[in-house]
Amino acid sequence: MRKPYLIVLISTLFFGWMVSEKPAPDPEFPDELVQFTPYEHNPVFAGTKASTWDHHIRERGYILREGKNWYLWYTGYKDGKSTTKYLGLATSSDGFTWKRHPENPIYTQGWVEDMSVVKSGSTYYMFAEGKEDVAHLLTSTDRLHWEERGPLDIRGVDGKPLSAGPYGTPAIWKEGGVWYLFYERNDAAVWLATSKDLKSWKNVQDEPVLKCGPEKYDQFAVATNQIIKHKGLYYMYYHASAFKDWREWTNNVAVSKDLIHWKKYAKNPIMENNTSSGFLVHDGTKYRLYTMHPDVRVFLPTSQP
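Just so you know, we're using the numbering used here here: the sequence shown kicks off at -4 and counts up by one.
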């Protein structure tokens, strides 16, 4: 008569042990922000591979969803490293099937790549890299026609201009009337500068807010793609390389309470296989992860929030 009770006891202990061994969810990195599955019809957008201005696409394009409409700005170019990189626009009704705008390229007055787009009021602000990786600002009121506003004037804590050299991959966050600019220099680290008027920017500190390593996956390059706010915390999506020659890139995430001090996700990278320049877009019910280089791919949440 005691055997059934013994079996129940052993089973209870065994399954209890199994449950205790299962990793507990990390409240700072909820599944809906870090676990994604590739869309079965990737890529959803790419260079034409034909004799067009956008034979190739590259670097970070950017996607905004407004109501039922989706807008994708992207960088197109022909063969050649020094070829001018122009700005194109594609639209979609679902974020999966994209149509190039008939007026492409929509901006040909200068080099535009690695853009980050923010709408404030009735104006769209595009922060992008120009030639030689110098960040500059363009504005628009219709998403199609853009006006150049010039290179960003970034200064150190002491008010002196940055030393000569590149400052690119601008990623923007706006909150409480303050603009926050995350930028890299030679992909060696990420700095943070702020502005209230978009005319001048000042570092919050002259030390980077995100450095390479010591983890292997990001020991040779880091650059911010996007900042979002989720349940009171800030999340930085950034791409990185574990190789000195940058032959392969990954997508990663870090969390912060103040936009200055960042904690990297212990299970980075969240996306490998040389898919780069990733960021999240909310489709109305959940986040999707889009990667932009060397083509546009979509990754859907592995589990619902």
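The beta-carbon is built from N, C-alpha and C at its ideal position, and this holds for glycine as well.
Keep in mind that this is a model prediction, so the values were computed, not measured.
* Might you give, ordered along the chain, the residues of its own chain that have their beta carbon closer than 8 angstroms to the beta carbon of G171, omitting 5 neighbours on each side? => Spatial neighbours of G171 in its own chain (CB-CB distance under 8 angstroms, excluding positions within 5 residues in sequence) are not present.
* Asked: Ends of the beta strand (DSSP E) at V293?
  -> Start and end: 292 to 296.
* To do: Along the beta strand (DSSP E) that carries D302, what are the first and last residues, could you check?
  => Residue coverage of the chain in this structure runs from -4 to 300, which leaves residue 302 outside it and unanswerable.
* Cβ of P296 within 8 angstroms of Cβ of Q30? -> Between P296 and Q30, the C-beta spacing is below 8 angstroms.
* **Runs of beta strand (DSSP E) lying entirely within the region 25 to 51, each at least 3 residues, in chain order** => Listed in chain order, the complete beta strand (DSSP E) runs (minimum 3 residues) inside the region 25 to 51 are 31 to 33.
* DSSP state of Y81 mapped onto helix, strand, coil -> Three-state DSSP puts Y81 in a strand.
* Same chain, Cβ closer than 6 angstroms to Y72, neighbours up to 5 away in sequence not counted -> The answer, listed in chain order, is H51, T78, K80.
* Inspect the CB distances between the region 112 to 120 and the region 157 to 165 and report whether three or more fall short of 8 angstroms. => Of all C-beta pairs linking the region 112 to 120 to the region 157 to 165, fewer than three are shorter than 8 angstroms, placing the two stretches out of contact.
* Does the beta-carbon distance from T219 to A184 come in below 8 angstroms? -> No Cβ-Cβ contact shorter than 8 angstroms links T219 with A184.
* Helix or strand or just coil, what does DSSP make of Y178? -> Residue state, collapsed to three classes: strand.
* Asked: If P100 sits next to G83, beta carbons under 8 angstroms apart, how far is it from one beta carbon to the other, in whole angstroms?
  -> The C-beta distance from P100 to G83 rounds to 5 angstroms, short enough to fall under 8 angstroms.
* **Where the beta strand (DSSP E) containing L254 begins and where it ends** => Note, L254: premise wrong, no beta strand (DSSP E); not H, not E.
* **Nearest-angstrom Cβ-Cβ length linking Y282 and V293, presumed shorter than 8 angstroms** => Between V293 and Y282 the Cβ distance is about 11 angstroms, and since that is not below 8 angstroms, they are no contact.
* Asked: Hey, L275 and I223: beta-carbon distance below 8 angstroms or not?
  -> Yes.
* **Proximity of S271 and H234 at Cβ, strictly below 8 angstroms** => A contact, by the Cβ cut-off of 8 angstroms.
* Return the chain-ordered list of same chain residues with a C-beta closer than 6 angstroms to the C-beta of V39, the five sequence neighbours on each side being excluded. => Counting only Cβ-Cβ distances below 6 angstroms, and skipping sequence neighbours, we find F91, V291, V293.
* Asked: Could you give the C-beta distance for R144 and N198, rounded to a whole number, given that I count them as a contact under 8 angstroms?
  -> Actually they do not touch by this definition, with Cβ atoms about 20 angstroms apart.
* Identify whether Y260 lies in helix, strand or coil by the three-state DSSP scheme. => Of the three classes helix, strand and coil, the one that applies to Y260 here is coil, per DSSP.
* How long is the line joining the alpha carbons of S115 and G42, rounded to whole angstroms? -> Rounded to the nearest whole angstrom, the CA to CA distance from S115 to G42 is 30 angstroms.
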